[in-house]
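**Q** For reference, the structure I am asking about is given below.
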Amino acid sequence: MAQELGMTVSPGFLYPAGPSTPPGFQGWLDEPSLPIQSGMCASDQVQVWDAISSRDQRIAQLEDALRAADHQHAGEVARLKAELLDANDKLTRVNKERAYFMDHLGAAKANITKLEEEVRNAEVSAKKKVHAARTLPQHGPRDAGLLRQPKLIQLLDESGIPLIQERDKDRLFEGRQF
Numbered sequence: 001m002a003q004e005l006g007m008t009v010s011p012g013f014l015y016p017a018g019p020s021t022p023p024g025f026q027g028w029l030d031e032p033s034l035p036i037q038s039g040m041c042a043s044d045q046v047q048v049w050d051a052i053s054s055r056d057q058r059i060a061q062l063e064d065a066l067r068a069a070d071h072q073h074a075g076e077v078a079r080l081k082a083e084l085l086d087a088n089d090k091l092t093r094v095n096k097e098r099a100y101f102m103d104h105l106g107a108a109k110a111n112i113t114k115l116e117e118e119v120r121n122a123e124v125s126a127k128k129k130v131h132a133a134r135t136l137p138q139h140g141p142r143d144a145g146l147l148r149q150p151k152l153i154q155l156l157d158e159s160g161i162p163l164i165q166e167r168d169k170d171r172l173f174e175g176r177q178f
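Quick look at the structure:
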């Protein structure tokens, strides 16, 4: 069986208790020579070497899987870092837009306050005009006369017509009968 696997066996291998130590297998697992344990039969020795070979293959598979996992992990870390940078960029843009919006919102609130003050002033002015329009029929002629009187006095003075004083009114109408 050992010869079927491509190994060379010394004549003392079949007799483990022989006079000399067997030189070992040649060409097994890229090793130039692997010593054979004395006291083991050939089938046990082949099973040991099969176990060692399968263990080494399993180690190689696990190392390959570990390298693949490391490569996948590195790719995942790179992807997550890129997503994080993208999210940070988006957050920065959103914060800038929010600040811009808040500035405009503050300006709009100030403008609204100014407009509300103008509306209040316009309402007060309108109320005064309505009040004046309601009270003008009651006090209109008197107020209008008071407003026109200085002009009338000035025109009469310029024309040379003497003004009638209150004390002169009685004398003017003394002799007349109505």
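So the sequence shown is numbered by the working numbering: it starts at 1 and just counts up by one. No residue lacks a Cβ here, since even glycine has one placed at the ideal position from N, Cα and C.
Would DSSP call M102 helix, strand or coil?
**A** DSSP places M102 in helix when its eight states are reduced to three.
**Q** Determine the direct distance from the alpha carbon of T113 to that of L91, and round the result to whole angstroms.
**A** So the alpha carbons of these two residues sit roughly 32 angstroms apart.
**Q** Under the three-state reduction of DSSP, which class applies to G75: helix, strand or coil?
**A** In the structure shown, G75 sits in a helix (DSSP, three-state: H, G or I).
**Q** Nearest-angstrom Cα distance between D103 and D89?
**A** Going from the Cα of D103 to the Cα of D89 covers about 21 angstroms.
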